[in-house]
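Here this note's numbering is used: the first residue of the first sequence is 199, the next is one more, and so on. Cβ coordinates follow ideal geometry from the N, Cα and C atoms, glycine included. As the structure is a computational prediction, the values presented were derived from the model and not from experiment. Written out below as structure tokens is the structure these notes cover.
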Amino acid sequence: MVTPQSEDFSKWYNEIVYRADLAAQSPVRGCIIIKPYGYEIWEAVKNWLDRRFKETGHQNAYFPLFIPESYLKREAEHVEGFSPELAVVTIAGGKELEEPLVVRPTSETIIGEAFSQWIQSYRDLPLLINQWANVVRWELRTRPFLRTTEFLWQEGHTAHTTEADAEAETMQMLDIYADFAWNQAAMPVIKGRKSENEKFAGALRTYTIEGMMGDKKALQSATSHNLGQNFAKAFNIKYLSRENVEEYCWTTSWGMSTRIVGGIVMTHGDDKGLRLPPRVAPIQVVAVPIYKTETEISAVTEALQRIVKELRGAGIRVHIDDRDETPGFKYNDWEMRGVPVRLEMGPKDLEKNSVVLARRDVPGKEGKQFVSQDGIVQAVKDLLDTIHHHMLQQAQDFTQSNIQDVHSHDEFKQVIEAGYWARGWWAGSNEQERGIKEETGATIRCFPLDQPGGNAPCFLTGQTADRIALFAKAY
RNA sequence: CGGGGCGUAGCGCAGCCCGGUAGCGCGCAUCGUUCGGGUCGAUGAGGUCAUGGGUUCGAAUCCCGUCGCCCCGACCA
Numbered sequence: 199m200v201t202p203q204s205e206d207f208s209k210w211y212n213e214i215v216y217r218a219d220l221a222a223q224s225p226v227r228g229c230i231i232i233k234p235y236g237y238e239i240w241e242a243v244k245n246w247l248d249r250r251f252k253e254t255g256h257q258n259a260y261f262p263l264f265i266p267e268s269y270l271k272r273e274a275e276h277v278e279g280f281s282p283e284l285a286v287v288t289i290a291g292g293k294e295l296e297e298p299l300v301v302r303p304t305s306e307t308i309i310g311e312a313f314s315q316w317i318q319s320y321r322d323l324p325l326l327i328n329q330w331a332n333v334v335r336w337e338l339r340t341r342p343f344l345r346t347t348e349f350l351w352q353e354g355h356t357a358h359t360t361e362a363d364a365e366a367e368t369m370q371m372l373d374i375y376a377d378f379a380w381n382q383a384a385m386p387v388i389k390g391r392k393s394e395n396e397k398f399a400g401a402l403r404t405y406t407i408e409g410m411m412g413d414k415k416a417l418q419s420a421t422s423h424n425l426g427q428n429f430a431k432a433f434n435i436k437y438l439s440r441e442n443v444e445e446y447c448w449t450t451s452w453g454m455s456t457r458i459v460g461g462i463v464m465t466h467g468d469d470k471g472l473r474l475p476p477r478v479a480p481i482q483v484v485a486v487p488i489y490k491t492e493t494e495i496s497a498v499t500e501a502l503q504r505i506v507k508e509l510r511g512a513g514i515r516v517h518i519d520d521r522d523e524t525p526g527f528k529y530n531d532w533e534m535r536g537v538p539v540r541l542e543m544g545p546k547d548l549e550k551n552s553v554v555l556a557r558r559d560v561p562g563k564e565g566k567q568f569v570s571q572d573g574i575v576q577a578v579k580d581l582l583d584t585i586h587h588h589m590l591q592q593a594q595d596f597t598q599s600n601i602q603d604v605h606s607h608d609e610f611k612q613v614i615e616a617g618y619w620a621r622g623w624w625a626g627s628n629e630q631e632r633g634i635k636e637e638t639g640a641t642i643r644c645f646p647l648d649q650p651g652g653n654a655p656c657f658l659t660g661q662t663a664d665r666i667a668l669f670a671k672a673y
């Protein structure tokens, strides 16, 4: 049995990560071993995103893990933002290095340097590059997947001729992330813009998708930055325009990381374990044969093999659990590991030409149904789809019912104190935003892109505000 | 960096106060049994007790130091 979410969410999360076999602790502080089952979820993320990146004209490349320390310093805000969490190599090959190398915390700088050489003319633009990589940030507090010292991600880096083009790229990638979250991971994230305090170090504007986890804390699930000309100026990324004038590029960067695996766990998991959204689940259907005698074993196995072959032929990811354990043990085991559909087949099914399909998202008898073996492929496909939508709907209901509108400072404090997200008109300063954080622990998660429009008084200052902000405690 | 906890079998822990040469549960292996919601039994394998030093005839246990990891905060994807 796992610690119930209601008792200690954090403890629940840790237990799930290890017991569902997603990851293991490593000998290195803050670093985890991503085990095959967890890595397969990441591969699902990766494969989907990679396809979308390529469809939208991006190409993959790979840049060095090490970055000359001086590069980081070329963009003032950037170095200030990242220097506290850098790992720096000062000795290599038994000798002290002339210039220390930082292990990349992100690659704007070294890619910016490359871009400055690659780009000469407006004909070279837009330049659309992505890299799949590991990065290192020496965070003070780590948690499996959500914040590890080393993590995997993709970082897109692009250069454009105009601010409008850069902004369009930034939004396009944000939309792809949101598409992934909603339609693959069944996470109803909210798209929005970061406040000045929360934006990426060195960016002009940062956009984010924010998701509500099972404990109502917010998780920044991906970000997309319009870097303006900040990095172009710092790294001399210039092009010659059609009019033969030298101009600075407008650049963007955007990323999603292995953090999303933690987000999936915390969005969907329950007290029986993990619940994986079907489209990212490494195993979509686990087949459990049921039998008593030798004759039954061969009969059931044979029929099951046939069904599984059919399902696999249709592109469904099926695993047969033929371990020498009792069915009950297997049910619990696969529920812990979050497999969306369990297919049971036993002697009774052979007689009736049926199988049992059990849904992970609907507990107990209610989620079980007998289905004819004829048309099993379509039935399973439909069921996986139904499960996806049901999980999305559940998460959406949960998110919506835990966001409260606030109109005054007192109301705000109560709402945050009670663990909800607060939504309210905001015209406060950066200072006042920091004050709120100090006072309640909540930060502006974003200014949602979806705004009501018009004006209303700021809940804190009473001044006329032209936009609403979402506040929450965050991971 | 502040606060707390923990290092003993693959995992989770007991033993330590009151020194005498290591034990329980799970897991693992083999055999049998069971099998539509965590079967049951038998046998067996597996440990430099984190590490350095000290006290002692004798240290997992007492004393001093070191290292590491985890959890809670501040920093952050």
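Query, Result
"Please name the residue, chosen from Pro545, Asp547, Ser552 and Met534, that lies closest to Asp559 on a Cα-to-Cα basis.", "Met534"
"Of the choices Met385, Ala416 and Thr421, whose alpha-carbon is the least far from that of Thr404?", "Thr421"
"Write down every uninterrupted run of the beta strand (DSSP E) in the stretch 485-569 whose length is 3 residues or greater and which is fully enclosed by it, in chain order.", "516-518, 539-543 and 552-557"
"Buried or exposed, going by whether 16 or more other CB atoms sit within 10 Å of the CB of Tyr437?", "buried"
"List the whole-angstrom C-beta distance separating Val486 from Asp519, where the pair is believed to meet the contact cut-off of C-beta under 8 Å.", "5 Å"
"Three or more C-beta pairs under 8 Å: does that hold for the stretch 491-500 against the stretch 538-553?", "yes"
"For Ala640 versus Ile666, is the C-beta distance shorter than 8 Å?", "no"
"Could you check whether Ala312 and Phe261 sit closer than 8 Å to each other, using their CB atoms as the reference points?", "yes"
"Check the C-beta distance from Lys470 over to Ala672 and give it rounded, since I have them as a contact under 8 Å.", "Lys470 to Ala672, Cβ: 27 Å. No contact."
"Can you tell me which of Tyr269, Val333, Gly354 and Glu294 puts its alpha carbon nearest to the alpha carbon of Lys252?", "Gly354"
"Taking a contact to mean a Cβ-Cβ separation below 8 Å, would you say Gly536 touches Pro342 in this structure?", "no"
"Got a sec? Which residues, its chain only, sit under 7 Å from Trp623 by beta carbon, not counting five neighbours each side?", "Ala654, Pro655, Cys656, Phe657, Ala663 and Ile666"
"Helix or strand or just coil, what does DSSP make of His163?", "Examination of residue 163 is not possible in this model, given that the chain is present from 199 through 673 alone."
"Is it the case that the stretch 315-324 contacts the stretch 288-303, given that we only count it when at least three CB pairs across the two stretches are under 8 Å?", "no"
"Below 8 Å, can you find three or more Cβ-Cβ pairs linking the stretch 618-637 to the stretch 599-610?", "yes"
"Per the contact definition of three or more C-beta pairs closer than 8 Å, is the stretch 427-442 in contact with the stretch 354-367?", "yes"
"Check the DSSP bridge columns for Arg335 and list the partner residues they point to.", "BP columns for Arg335 are empty, so no partner."
"So, do the stretch 233-251 and the stretch 557-571 have three or more beta carbon pairs nearer to each other than 8 Å?", "no"
"Please list the terminal residues of the continuous alpha helix (DSSP H) segment that includes His587.", "Ile574 to Ser599"
"Start and end of the beta strand (DSSP E) containing Asn424?", "Ala416 to Gly426"
"Quick one: what does DSSP say Trp624 is sitting in, helix, strand or coil?", "coil"
"Which residues does DSSP list as the beta-bridge partners of Ala616?", "According to DSSP, which records beta bridges pairwise, Ala616 is partnered with nothing at all."
"Return the Cβ separation of His517 and Ile574 in integer angstroms, given the expectation that the two are a contact with Cβ distance under 8 Å.", "Actually they do not touch by this definition, with Cβ atoms about 16 Å apart."
"In chain order, what residues of the same chain have a beta carbon less than 6 Å from the beta carbon of Glu296, not counting five sequence neighbours either side?", "none"
"To the nearest angstrom, how far is the alpha carbon of Pro561 from that of Ile308?", "50 Å"
"At the level of alpha carbons, what is the spacing between Asp648 and Tyr216?", "38 Å"
"In whole angstroms, what is the alpha-carbon distance linking Lys389 and Ala670?", "15 Å"
"Skipping 5 residues on each side, what residues in its chain have a beta carbon closer than 6 Å to that of Met385?", "Ala379, Gly409 and Thr465"
"Do Asn258 and Asn328 have their C-beta atoms closer together than 8 Å?", "yes"
"For the stretch 230-313, list the alpha helix (DSSP H) runs that are entirely contained and at least 4 residues long, ordered along the chain.", "234-253, 267-270 and 274-280"
"What is the rounded straight-line gap between the Cα of Ser281 and the Cα of Thr347?", "14 Å"
"So what does Ile327 bridge to, in DSSP terms?", "Gln257 and His355"
"Round the Cβ separation of Ile214 and Gly467 to the nearest angstrom and send it over; I've been treating them as touching at under 8 Å.", "5 Å"
"In the structure shown, what three-state DSSP assignment does Val483 receive?", "strand"
"Exposed or buried, which one is Pro476 when buried takes at least 16 other CB atoms within 10 Å?", "buried"
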